[in-house]
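Engineer: Quick one: the structure is below, and I'll ask about it shortly.
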Amino acid sequence: MTRARGAAMRRIHVGNALSAFGLGFTVPYLYVYVAQVRGLGAMTAGLVLAVFAVAALIVLPFAGRAIVRRGPLPVLLAALVAAAVGAMGLGLAGNSTAVLAAAVALGAGQAVMQPALATMIVDCSTTETRSRAFATQFFLQNLGLGVGGLIGGHLVDTTRVSSFTLLFAIEAAMFLLLAAVMSTVRLPRAPRVEDAPRSAGGSWKRLLGNRAMVQLCVLGFVLFFACYGQFESGLSAYGVEAAGISTSALGTALAANTAMIVVAQFAVLKFVERQKRSRVIAAVGLIWAVAWVVAGYAGLGHGSREMATAAFVSTYALFGLGEAMLSPTVAPLVADLAPTGLAGQYNSAFALVKQLALAVGPAVGGPMGASLHAPYIVTFLLFSLGITYLALRLGRQLTAVQDQPWLARKRVVARGGAAAEPVPAQA
19 MTRARGAAMR RIHVGNALSA FGLGFTVPYL YVYVAQVRGL GAMTAGLVLA
69 VFAVAALIVL PFAGRAIVRR GPLPVLLAAL VAAAVGAMGL GLAGNSTAVL
119 AAAVALGAGQ AVMQPALATM IVDCSTTETR SRAFATQFFL QNLGLGVGGL
169 IGGHLVDTTR VSSFTLLFAI EAAMFLLLAA VMSTVRLPRA PRVEDAPRSA
219 GGSWKRLLGN RAMVQLCVLG FVLFFACYGQ FESGLSAYGV EAAGISTSAL
269 GTALAANTAM IVVAQFAVLK FVERQKRSRV IAAVGLIWAV AWVVAGYAGL
319 GHGSREMATA AFVSTYALFG LGEAMLSPTV APLVADLAPT GLAGQYNSAF
369 ALVKQLALAV GPAVGGPMGA SLHAPYIVTF LLFSLGITYL ALRLGRQLTA
419 VQDQPWLARK RVVARGGAAA EPVPAQA
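Position in the sequence shown counted from 1, then plus 18, gives you my numbering.
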């Protein structure tokens, strides 16, 4: 990596940490703020959460095209301004219309940040450094969310609207500070898009013609549906209703998940980098299957309350281990599957799949986790095993370089040459 790329990457990582820190201030308290502090009721609070998902689903198909045409930096700056306006709007909104309008701006801005930042990481990294770059991004995101949530929890007071206004103002300031930091980034010259389709429809048709990318998107949907889509919905409802977990124990479980990611991220990185990506993802499916079995014991077993709590906390920790293995695996694979110059389009498509899974996951898992305890565990145990099957099937569609780039670089070096960056496979 050149010195210029290294400097740009450091600023991008700082930006990731700042954005996560700002989100950590408000995300855990959004429902309480709208429903109770502003007195707008549970229905409006539920609509706000739904609006976040809907706004993301609307803007992401256009975000990829804009990143390809304009570059990731201008798109990111626009998204940050929109998110800052939305955050400040939420802090000042006093009625349902204003809250929903602010949620649209914040949700759209947050959604576009993800593929824009991911594309900037791709542009500033090489095949040799990409896994570590995405692992660092994931590490800093979780650290920022955890620290932000911890500090935010000590600042909020449900009897004072002003305390929440302060939280949203801090979040808006973090987005604007991130915009200032990102405006100083000097990205390498992006490669030209060879034979790029003139229309957005043509570009999506080209993406859908890439069988490996389509299979990765299907796998990604199952990953996010069966894990991330359950954390704060079905799994937490199951823990409270079936396992009798207290709210404080639920907080401990979430902390265990973050702690596992922070501790394990770089410990597993060297191992993951040397394995086939498809097999790493398959292994994550097996780890999460074990996590669901442990969760089944917590809620359906006949152990003591202490044993049930320990098992439930272990479930979240096992999910964190799987997440640490996925962060240096999936995002770099999306980048390696993208044709030259279309990383933004592919990152946006994968972010769209993620948002769909995060919208559907709680809607399906929430009611099941609260009332259908055994079917809930069995269903998501099977989904985890499905991850293993889909990952191994995906491996058959990948080239040796896409599935195991470290081995390809090792062979080049053994022959006395330089490890060149592979050209992504064209669909």
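For glycine and all other residues, C-beta sits at the position ideal for the given N, C-alpha and C.
Computed from a prediction, not measured in an experiment: that's the story for all the values here.
Can you give me the start and stop residues for the alpha helix (DSSP H) that C245 sits inside?
Structural biologist: Per DSSP, C245 belongs to no alpha helix (DSSP H) and is neither H nor E.
Engineer: Grouping DSSP H, G and I as helix and E and B as strand, with all else coil, what is R56?
Structural biologist: Coil, per DSSP.
Engineer: Taking the beta carbon of H172 as the centre, do at least 16 other beta carbons fall within 10 Å, making it buried, or is it exposed?
Structural biologist: Answer is exposed; the Cβ neighbour count stays below 16.
Engineer: Using the Cα positions of M61 and G24, report the straight-line distance between them to the nearest angstrom.
Structural biologist: Roughly 47 Å between the two C-alpha positions.
Engineer: Does DSSP classify V117 as helix, strand or coil?
Structural biologist: Helix at V117.
Engineer: Quick one: grab the DSSP three-state call for V373.
Structural biologist: The identity of residue 373 in the sequence shown is Gln, whereas the question assumes Val. If DSSP states are grouped into helix, strand and coil, Q373 belongs with the helices.
Engineer: Residues in its own chain within less than 8 Å of L318 by CB, not counting five upstream and five downstream?
Structural biologist: Same-chain partners within the cutoff: A260, H391, A392 and I395.
Engineer: With DSSP collapsed to three states, give me the class of Q420.
Structural biologist: Q420: helix per DSSP, three-state reduction.
Engineer: Quick one: residues in its chain with C-beta nearer than 8 Å to the C-beta of R297, no 5 flanking neighbours on either side, listed in chain order?
Structural biologist: Answer for R297: A409, L410 and G413, listed in chain order.
Engineer: Taking a contact to mean a Cβ-Cβ separation below 8 Å, would you say L118 touches V69 in this structure?
Structural biologist: Yes, these two residues count as a Cβ contact at 8 Å.
Engineer: What are the boundary residues of the alpha helix (DSSP H) that includes Q159?
Structural biologist: T145 to L173 is the extent of the alpha helix (DSSP H) around Q159.
Engineer: Could you give the distance in angstroms between the alpha-carbon of A432 and the alpha-carbon of T144?
Structural biologist: Model confidence at A432 stands at a pLDDT of 48, short of 50, so the residue's coordinates are unreliable and nothing is read from them.
Engineer: Starting from the Cα of F152, find the closest Cα among A342, A255, A375 and G89 and give me that residue.
Structural biologist: F152 has its Cα closest to that of A342, out of A342, A255, A375 and G89.
Engineer: When the distance is taken between beta carbons, is A74 closer than 8 Å to A129?
Structural biologist: Their beta carbons are under 8 Å apart, which means A129 touches A74 by this criterion.
Engineer: Taking the straight line between their C-alpha atoms, what separation do you get for T406 and L416?
Structural biologist: Rounded to the nearest angstrom, the two C-alpha atoms are 16 Å apart.
Engineer: Roughly how many angstroms separate the alpha carbons of Y256 and R204, rounded to a whole number?
Structural biologist: The alpha-carbon atoms of Y256 and R204 are separated by roughly 47 Å.
Engineer: Can T347 and I299 be called in contact, C-beta distance under 8 Å?
Structural biologist: For T347 and I299, yes; Cβs fall inside 8 Å.
Engineer: Does the Cβ-Cβ distance between L78 and S366 come in under 8 Å?
Structural biologist: In contact: L78 and S366 (Cβ atoms closer than 8 Å).
Engineer: In angstroms with no decimal places, state the Cα-to-Cα distance between V258 and V331.
Structural biologist: The alpha-carbon atoms of V258 and V331 are separated by roughly 12 Å.
Engineer: Whole angstroms is fine: what's the gap from P215's alpha carbon to A81's?
Structural biologist: Legend: pLDDT at P215 = 49, less than 50; position of this residue unreliable, no value from coordinates given.
Engineer: From A328 to Y246, what does the alpha carbon distance come to, in whole angstroms?
Structural biologist: Rounded to whole angstroms, A328 to Y246 spans 21 Å at the Cα level.
Engineer: Pull up the distance between the alpha-carbon of T137 and that of T183, whole angstroms please.
Structural biologist: Near 33 Å, if we compare the C-alpha coordinates of T183 and T137.
Engineer: Please classify A35 as buried or exposed, where buried requires at least 16 neighbouring CB atoms within 10 angstroms.
Structural biologist: When all chains shown are included, A35 counts as buried.
Engineer: Pick helix, strand or coil for H320, following the three-state DSSP scheme.
Structural biologist: DSSP places H320 in coil when its eight states are reduced to three.
Engineer: Tell me whether A97 sits in a helix, a strand or coil according to DSSP, three-state version.
Structural biologist: In this structure, A97 counts as helix in the three-state DSSP scheme.
Engineer: Measure the C-alpha to C-alpha separation of A335 and V240 and round it to an integer number of angstroms.
Structural biologist: Taking the straight line joining both Cα atoms gives about 20 Å.
Engineer: Could you check whether the segment 166-181 touches the segment 39-55, counting it as contact only if at least three pairs of C-beta atoms, one from each stretch, sit closer than 8 Å?
Structural biologist: Segments in contact, yes.
Engineer: To the nearest angstrom, report how far apart G125 and G321 are at their CA atoms.
Structural biologist: Distance between the alpha carbons of G125 and G321 is about 42 Å.
Engineer: Could you compute how far the alpha carbon of G359 sits from the alpha carbon of A353?
Structural biologist: Near 10 Å, if we compare the C-alpha coordinates of A353 and G359.
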